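Novice: Taken in order, these protein sequences are the chains called V and W. Heads up: the first sequence begins at 1 in the working numbering, then just goes up one per residue. Heads up: the second sequence begins at 1001 in the working numbering, then just goes up one per residue. Glycine residues also receive a C-beta, built at the ideal position from the N, C-alpha and C atoms. Small disclaimer: the values here were computed from a predicted structure and weren't measured. Right, I'll just put the structure down here and ask away after.
Protein chains: 2
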Amino acid sequence: MGRTSDARVKILSAARSLIELRGYSALGVAEICKAAGVPKGSFYYFFASKEALALAVIDEHWTGQRSTWERILSGDAAPLDRLRRLFEETGAGQLAGQRSCGSVSGCLFGNLTLEMSNQTESVRTRLQEIFEAQAALVEAVVTEALERREVTVTDTREAARSVVAQLEGQVLFAKLYNNTRRLDSLWTNCLALLGARTAGEVTVGT
Amino acid sequence: MGRTSDARVKILSAARSLIELRGYSALGVAEICKAAGVPKGSFYYFFASKEALALAVIDEHWTGQRSTWERILSGDAAPLDRLRRLFEETGAGQLAGQRSCGSVSGCLFGNLTLEMSNQTESVRTRLQEIFEAQAALVEAVVTEALERREVTVTDTREAARSVVAQLEGQVLFAKLYNNTRRLDSLWTNCLALLGARTAGEVTVGT
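Set out below in structure tokens:
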């Protein structure tokens, strides 16, 4: 079992890197196995198909990201400070990725949404669940901020979705321009989207 | 020349449809020619490579979209009304696409950014130019609105980029959820991002 479990981890890790580098569609199982250094038989022992592998890559990434988001967003700091922290850590994570592999890889979920969501219903459904879970985590913080009268939204879920949409849009540009400075405006934009009272006259571009 | 020019149009049209359906990476030249109903020799008469075809598809799409954006954003209406019109037409366009092919196809440029920008420098450069051109078109309207004291931004280009980022993020979700209602919040979010004075207490979710 030791060796086979190890093979599963190797396949997932190789697939994750290859998907970040070249997307999902162009990958073949043989290429993934070669990069992972495992025989093709191992692949089908662990994954019924390439689609099943994609779902496993998504789930593994979300498990890690969800725990990071929960840690940041459920701390003792003031709700808006926690939200700010989320953007700072997102920027730091993209910068670390750029330093290690030369280019900003962007958001795995956003990448796969645009590449796969119209082709593979199982992947679409999983990504929908993940983005709703992200919106729910942000919404909880927005609700707290609303109770403290620090923001002025009337539909907290819709506001949270807009914050996540702004994040996805700016991460897309950070990837396109290979420049994480594109993420610097996230916090000011978030305050604007939430009608944050603490923002005063602060609007985007300030 | 008549027949060959026709072949070029057919190849471009087939490639555009196939890229919208399944992305770029997984496509082969043979498949594109088969869908276009032209011999493979025709392909290499018009395009040096699959990459050259991708650039031609991008350029053709941008030529059409730029003229639409220019028409909408340079009209006689008040600047913020023109911006609102841009979002309405974007939503209408995505809805028409969904009705004709069953699914929201999203933004071709955003799709290709996430799929190709880290693989093909020529495509990355072209897409960067297009998104900067979009930001410039939006910026011109924001500048007019600023002169009329209808918005409160301090960096008009940065504000325009944030508006385009919000558009890309929401179009991504419209595609993922196959639901153009995701675009309904664009206008309110735009007002919030621009610190629009006409927005009063309007914030996202209202």
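Please classify residue 1119 of chain W: does DSSP put it in a helix, a strand, or coil?
Specialist: Mapped onto the second sequence, residue 1119 of chain W falls at position 119. Of the three classes helix, strand and coil, the one that applies to residue 1119 of chain W here is coil, per DSSP.
Novice: Would you kindly report the start and end of the unbroken alpha helix (DSSP H) that includes residue 79 of chain V?
Specialist: As a working note, residue 79 of chain V is residue 79 in the first sequence. Residue 79 of chain V -> alpha helix (DSSP H) spans 79-101.
Novice: Please tell me whether residue 1071 of chain W has its Cβ less than 8 Å away from any Cβ of chain V.
Specialist: As a position in the second sequence, residue 1071 of chain W is number 71, starting the count at 1. No, no contact with chain V.
Novice: Does the beta carbon of residue 149 of chain V come closer than 8 Å to any beta carbon on chain W?
Specialist: On the first sequence, residue 149 of chain V is found 149 positions in, with the first residue counted as 1. Chain W, which has no Cβ nearer than 8 Å to the Cβ of residue 149 of chain V, makes this no.
Novice: Which class does residue 1169 of chain W belong to by DSSP, given the choice of helix, strand or coil?
Specialist: The residue given as residue 1169 of chain W occupies position 169 in the second sequence. Here residue 1169 of chain W sits in helix by DSSP.
Novice: Measuring only the C-alpha atoms, how far is residue 1153 of chain W from residue 182 of chain V?
Specialist: Numbered from 1 along the second sequence, position 153 holds the residue referred to as residue 1153 of chain W. Numbered from 1 along the first sequence, position 182 holds the residue referred to as residue 182 of chain V. Using only the alpha carbons, I get a separation of about 17 Å.
Novice: Should residue 1016 of chain W be flagged as near chain V, meaning a C-beta pair shorter than 8 Å?
Specialist: To locate residue 1016 of chain W, count along the second sequence from 1; it is residue 16. Chain V contact via Cβ: absent.
Novice: If I'm right that residue 117 of chain V touches residue 127 of chain V with Cβ under 8 Å, what's the distance once you round it to whole angstroms?
Specialist: On the first sequence, position 117 is the one that residue 117 of chain V refers to. On the first sequence, position 127 is the one that residue 127 of chain V refers to. Indeed they touch by this definition, with Cβ atoms about 6 Å apart.
Novice: Which of the three DSSP states is assigned to residue 1110 of chain W in this structure?
Specialist: Along the second sequence, one-based indexing puts residue 1110 of chain W at 110. Three-state DSSP puts residue 1110 of chain W in a helix.
Novice: At the level of alpha carbons, what is the spacing between residue 1006 of chain W and residue 43 of chain V?
Specialist: Within the second sequence, residue 1006 of chain W is the residue found at index 6, counting from 1. Within the first sequence, residue 43 of chain V is the residue found at index 43, counting from 1. One C-alpha to the other measures close to 46 Å.
Novice: Skipping 5 residues on each side, what residues in its chain have a beta carbon closer than 7 Å to that of residue 75 of chain V?
Specialist: Sequence index remark: in the first sequence, residue 75 of chain V carries index 75 (1-based). Same-chain partners within the cutoff: 82.
Novice: Starting from residue 1113 of chain W, find everything on chain V with Cβ-Cβ shorter than 9 Å and list it in chain order.
Specialist: Taking the second sequence and counting its residues from 1, one reaches residue 1113 of chain W at position 113. Result: 106, 114, 172, 173, 175 and 176.
Novice: Contact defined as beta carbons within less than 8 Å: I believe residue 106 of chain V pairs with residue 172 of chain V. What is the distance between those atoms, to the nearest angstrom?
Specialist: Numbered from its first residue, the first sequence carries residue 106 of chain V at position 106. Numbered from its first residue, the first sequence carries residue 172 of chain V at position 172. Right, the Cβ-Cβ distance comes to about 6 Å (below 8 Å), so this counts as a contact.
Novice: Run the CB neighbour count on residue 175 of chain V, radius 10 Å, all protein chains shown included, and call it buried at 16 or more, exposed below.
Specialist: Position 175 of the first sequence, counting from 1, holds the residue named residue 175 of chain V. Buried, by the Cβ-count rule.
Novice: For a cutoff of 8 Å on Cβ pairs, would you count residue 66 of chain V as touching chain W?
Specialist: Against the first sequence, residue 66 of chain V aligns to sequence position 66. With 8 Å as the cut-off, residue 66 of chain V does not count as an interface residue toward chain W.
Novice: Following the continuous alpha helix (DSSP H) through residue 192 of chain V, name the residue where it begins and the one where it ends.
Specialist: On the first sequence, residue 192 of chain V is found 192 positions in, with the first residue counted as 1. Segment 186-193, the alpha helix (DSSP H) holding residue 192 of chain V.
Novice: So which residues of chain W does residue 26 of chain V contact, with C-beta pairs closer than 8 Å?
Specialist: Here residue 26 of chain V is taken as the residue at index 26 of the first sequence, counted from 1. Near residue 26 of chain V (Cβ distances below 8 Å), the residues of chain W are 1025 and 1026.
Novice: Considering residue 1067 of chain W, what are the terminal residues of the alpha helix (DSSP H) in which it resides?
Specialist: As a working mapping, residue 1067 of chain W is identified with position 67 in the second sequence. Residue 1067 of chain W -> alpha helix (DSSP H) spans 1050-1073.
Novice: Measuring CA to CA, which of V:137, V:13, V:135 and V:169 is closest to residue 186 of chain V?
Specialist: Start at 1 with the first residue of the first sequence, and residue 186 of chain V comes out as number 186. Nearest of V:137, V:13, V:135 and V:169 to residue 186 of chain V, Cα basis: V:169.
Novice: Spatial neighbours of residue 1039 of chain W within its chain, please: C-beta separation below 7 Å, excluding the five flanking residues on both sides.
Specialist: Here the question's residue 1039 of chain W lines up with position 39 in the second sequence. Around residue 1039 of chain W: 1033.
Novice: Taking all protein chains shown into account, decide if residue 156 of chain V is buried (16 or more other Cβ within 10 angstroms of its Cβ) or exposed.
Specialist: Numbered from its first residue, the first sequence carries residue 156 of chain V at position 156. Buried, because 16 or more other Cβ atoms sit within 10 Å of the Cβ of residue 156 of chain V.
Novice: If you drop the 5 nearest sequence neighbours on each side, which residues of the same chain put their C-beta closer than 7 Å to that of residue 1030 of chain W?
Specialist: By 1-based counting over the second sequence, the position of residue 1030 of chain W is 30. Around residue 1030 of chain W: 1040.
Novice: Since residue 1025 of chain W and residue 22 of chain V should fall inside the 8 Å C-beta cutoff, what is the C-beta to C-beta distance between them, to a whole number of angstroms?
Specialist: For this step, residue 1025 of chain W is matched to residue 25 along the second sequence. For this step, residue 22 of chain V is matched to residue 22 along the first sequence. Sure, about 7 Å apart at Cβ, within 8 Å.
Novice: Please list the partners that residue 43 of chain V has in chain W, where partner means a Cβ-to-Cβ separation under 9 Å.
Specialist: For the purposes of this step, residue 43 of chain V is identified with residue 43 of the first sequence, where counting begins at 1. Per Cβ cutoff of 9 Å: no residues; residue 43 of chain V is ~19 Å from chain W at best.
Novice: Can you find a C-beta in chain V that's less than 8 Å from the C-beta of residue 1179 of chain W?
Specialist: The residue you call residue 1179 of chain W lines up with position 179 of the second sequence. So, not an interface residue.
Novice: Please state whether the Cβ-Cβ distance between residue 193 of chain V and residue 166 of chain V is less than 8 Å.
Specialist: Residue 193 of chain V sits at position 193 when you count from the first residue of the first sequence. Residue 166 of chain V sits at position 166 when you count from the first residue of the first sequence. Taking 8 Å as the Cβ cut-off, residue 193 of chain V and residue 166 of chain V qualify as a contacting pair.
Novice: Using a threshold of 8 Å, state whether the C-beta atoms of residue 1053 of chain W and residue 1015 of chain W are closer than that.
Specialist: The count along the second sequence starts at 1 and reaches residue 1053 of chain W at position 53. The count along the second sequence starts at 1 and reaches residue 1015 of chain W at position 15. Cβ atoms of residue 1053 of chain W and residue 1015 of chain W: closer than 8 Å.
Novice: Would you list, in chain order, the members of the region 180-197 of chain V that have their beta-carbon closer than 7 Å to a beta-carbon of chain W?
Specialist: Answer set for the region 180-197 of chain V: 185, 189, 192, 193, 194 and 195.
Novice: Residue range of the alpha helix (DSSP H) that residue 1042 of chain W falls in?
Specialist: The residue you call residue 1042 of chain W lines up with position 42 of the second sequence. Segment 1040-1046, the alpha helix (DSSP H) holding residue 1042 of chain W.
Novice: Distance, Cα to Cα, residue 90 of chain V vs residue 1115 of chain W?
Specialist: Looking up residue 90 of chain V in the first sequence gives position 90. Looking up residue 1115 of chain W in the second sequence gives position 115. Spanning the two alpha carbons is a distance of roughly 20 Å.
Novice: Exposed or buried, what is residue 1104 of chain W when buried is set at 16 or more other beta-carbons lying within 10 Å of its beta-carbon?
Specialist: The residue you call residue 1104 of chain W lines up with position 104 of the second sequence. Looking at its Cβ environment, which holds 16 or more other Cβ atoms inside 10 Å, residue 1104 of chain W is buried.
Novice: Return the CA-CA distance between residue 95 of chain V and residue 180 of chain V, expressed in angstroms with no decimal places.
Specialist: Along the first sequence, read from residue 1 onward, the residue named residue 95 of chain V stands at position 95. Along the first sequence, read from residue 1 onward, the residue named residue 180 of chain V stands at position 180. When rounded, the distance between both Cα atoms is 6 Å.
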